[in-house]
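Residue numbers (the numbering used here): 286 to 622.
In C-alpha cells:
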C-alpha cells in the first residue's frame, strides 16, 4: 500500500502521485493507494470525485485534539504532526504487509518492486538527504541538514512487524506535540525524529542508491539523462553508465518557496536542462488535476501563518539587522558603579 498525506490544496499533486503509482500497478486493488487528508473533507468542492480512497484526520483524531493541534501549528506543521497517526490508522485498516509513505510531490518512474525487495531484509527504509559532504560553500551546508534532519520524511517504507509497531508508536508520541519548525530548539516537523531511528530500532536500512528520492537537495550530486522512454541517473562522484530513475520528489522544484530549502543556492535550474525537462514533464501531469481550483482552498487546520519567504534586498536587510542585534546582545559592557 502507498499512502500520502496532504491538504486539499495539495490534492493535484497527490492525484498525480496516484497516477504514477497506477501506471506501474494497474492491477493493484482500489485501496492500494490511499490519500491521508490532513484537512476537513467538508471543504472539498461538492462535485469533486477523488478516484482513490481518502482517510481524513477528522476520522482519526477527536475534534478537541484537532483544535488544540491546529492552534499550535502552521498547516505544514499540522500535517507533519498528523502523519504518524494517518500511517498507523492506514495500517490498522488494511492488512498489507508493506506500507510506503511518499510526499504528494513525488512521482514514480518504476514499480515499487525495489521497495518490497529491500523490505524482505528490513523493517524500515530511510533515504538520507545527502550521501557525502558538499564540496563547496553553497547552501545548504552540513549544519543545515543537522537542523532539518539527516533523513527525509518525504519517503518512508515499513514492513509490518512488532518492531515497526514500536517505531510508529514512538514516532507518533514524539512528533504529535513537537512538530514545530524551530531550529533553535532542535525541532523540525516529524522529520527530525528520524535521526534516532537507525539507533533505536532494529532492521532499519538506509538507502543510498542515487536513483531513489532524487530531489532539490541532492540533484547537485546527481546527473540525469533521458533515454527514449525512460530516465537514467548516476552519482557524479561515481561516474557510471547510469541506472533507471526510480522516483523524484519535486518539492522545491515546482515552487522554490515550498519545503525546507527555499534559500538553497547550489542548484540552478538555468544550468540544468536535464532537471528542467524532468520538471516540465511533471508539471504537465499535475496541470491535468485542476490546480487553480484547489490552490485557493486554505487548509482547515494549522492556524498559525506559514513563515514568509523573503528574497533579494529584503533578505539581506533582515540578515544585517540580525547580525547587529546579535552583536549588541554579546558585546561586553563595563560595569558602572
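Virtual Cβ for every residue (Gly too), placed ideally from N, Cα, C.
Using the C-alpha atoms, what's the distance from residue 589 back to residue 520? Per the coordinates, the alpha-carbon of residue 520 lies some 40 Å from the alpha-carbon of residue 589.
According to DSSP, is residue 520 part of a helix, a strand, or is it coil? Strand.
Residues near residue 423 by beta carbon distance below 7 Å, same chain, minus five either side: So the list reads 550 and 551, once near-sequence residues are dropped.
Residues that residue 529 bridges to, as DSSP identifies them: Beta-bridge pairing links residue 529 to 517.
Reference residue 541, options 553, 342 and 468, closest by Cα: Closest by alpha carbon: 553.
With a 10 Å radius around its C-beta and 16 neighbouring C-beta atoms as the bar for buried, classify residue 598 as buried or exposed. Below a pLDDT of 50, predicted positions are generally treated as unreliable, and residue 598, at 48, falls in that range; the measurement from the model is reported next regardless. When all chains shown are included, residue 598 counts as exposed.
Beta strand (DSSP E) segments (min. 3 residues) lying fully within the stretch 403 to 436: Listed in chain order, the complete beta strand (DSSP E) runs (minimum 3 residues) inside the stretch 403 to 436 are 409 to 411.
Taking only three categories from DSSP, how would you classify residue 506? Correct three-state label for residue 506: helix.
Within the same chain, show all residues whose beta-carbon is closer than 7 Å to that of residue 448, passing over the 5 residues directly before and after it, in chain order. Result list for residue 448: 408, 486, 487 and 488, in chain order.
Report the partner residues of residue 390 according to the DSSP bridge assignment. Per DSSP, residue 390 has no beta-bridge partner at all.
From the DSSP secondary-structure annotation, give me the bridge partner or partners of residue 318. In the DSSP output, where bridge partners are listed per residue, residue 318 has 287.
Spatial distance of residue 468 from residue 495 (CA atoms): Distance between the alpha carbons of residue 468 and residue 495: 28 Å.
Using three-state DSSP, classify residue 466 as helix, strand or coil. It is a strand residue.
Between the CA atoms of residue 525 and residue 348 - distance to the nearest angstrom: Taking the straight line from one Cα to the other gives about 53 Å.
Under the three-state reduction of DSSP, which class applies to residue 355: helix, strand or coil? Residue 355: helix per DSSP, three-state reduction.
Would you kindly check if the distance between the Cβ of residue 475 and the Cβ of residue 369 is under 8 Å? Taking 8 Å as the Cβ cut-off, residue 369 and residue 475 qualify as a contacting pair.
Taking the C-alpha atoms as reference points, what is the distance between residue 636 and residue 619? Past the edges of the chain, shown from 286 to 622, lies residue 636, and the structure says nothing about it.
Residue-chain proximity (residue 314, chain C), Cβ-Cβ < 8 Å: As a matter of chain content, chain C is missing from the structure shown, which is built from one protein chain.
Let me check understanding here. Comparing Cα to Cα, which of 530, 511 and 570 lies closest to residue 500? Just measuring C-alpha positions, the residue of 530, 511 and 570 sitting nearest residue 500 is 530.
Under DSSP, the alpha helix (DSSP H) around residue 300 begins and ends at which residues? DSSP places residue 300 inside the alpha helix (DSSP H), whose first and last residues are 296 to 309.
On the CB-based measure, 16 or more other CB atoms within 10 Å of its CB, does residue 573 come out buried or exposed? Exposed, because fewer than 16 other Cβ atoms sit within 10 Å of the Cβ of residue 573.
Among 518, 539 and 555, whose alpha-carbon lies nearest the alpha-carbon of residue 394? Of the candidates 518, 539 and 555, the one whose C-alpha sits nearest the C-alpha of residue 394 is 518.
Less than 8 Å between the C-beta atoms of residue 413 and residue 491, yes or no? A contact, by the Cβ cut-off of 8 Å.
Since residue 579 is in the alpha helix (DSSP H), which residue starts that stretch and which ends it? Segment 576 to 580, the alpha helix (DSSP H) holding residue 579.
With a 10 Å radius around its C-beta and 16 neighbouring C-beta atoms as the bar for buried, classify residue 593 as buried or exposed. Counting other Cβ atoms within 10 Å of its Cβ, residue 593 stays below 16 and is therefore classed as exposed.
For residue 359, does the count of other Cβ atoms within 10 angstroms reach 16, so buried, or fall short, so exposed? Classification of residue 359: buried, given that the 10 Å Cβ count is 16 or more.
Counting Cβ pairs, one atom from each stretch, are 3 or more of them under 8 Å apart for the stretch 293 to 307 and the stretch 383 to 393? Touching, yes, given that three or more Cβ pairs across the two stretches are closer than 8 Å.
Cα-Cα separation between residue 318 and residue 432, rounded to whole angstroms: Counting only the Cα atoms, residue 432 lies some 32 Å from residue 318.
Can the beta-carbon of residue 323 be found less than 8 Å from the beta-carbon of residue 586? Yes.
As assigned by DSSP and simplified to three states, the class of residue 350: Correct three-state label for residue 350: helix.
Nearest candidate by alpha-carbon position, reference residue 338, set 535, 398 and 289: The candidate whose alpha carbon is nearest that of residue 338 is 289.
How would you call residue 493, buried or exposed, if buried means at least 16 neighbouring beta carbons within 10 angstroms? Under this definition residue 493 is an exposed residue.
Under 8 Å, do residue 437 and residue 498 count as touching if we go by C-beta distance? Contact flag set, yes.
Which residues does DSSP list as the beta-bridge partners of residue 512? Per DSSP, 515.
What does DSSP give as the partner residue(s) for residue 383 in the beta ladder? Per the DSSP secondary-structure output, residue 383 pairs in a beta bridge with 444.
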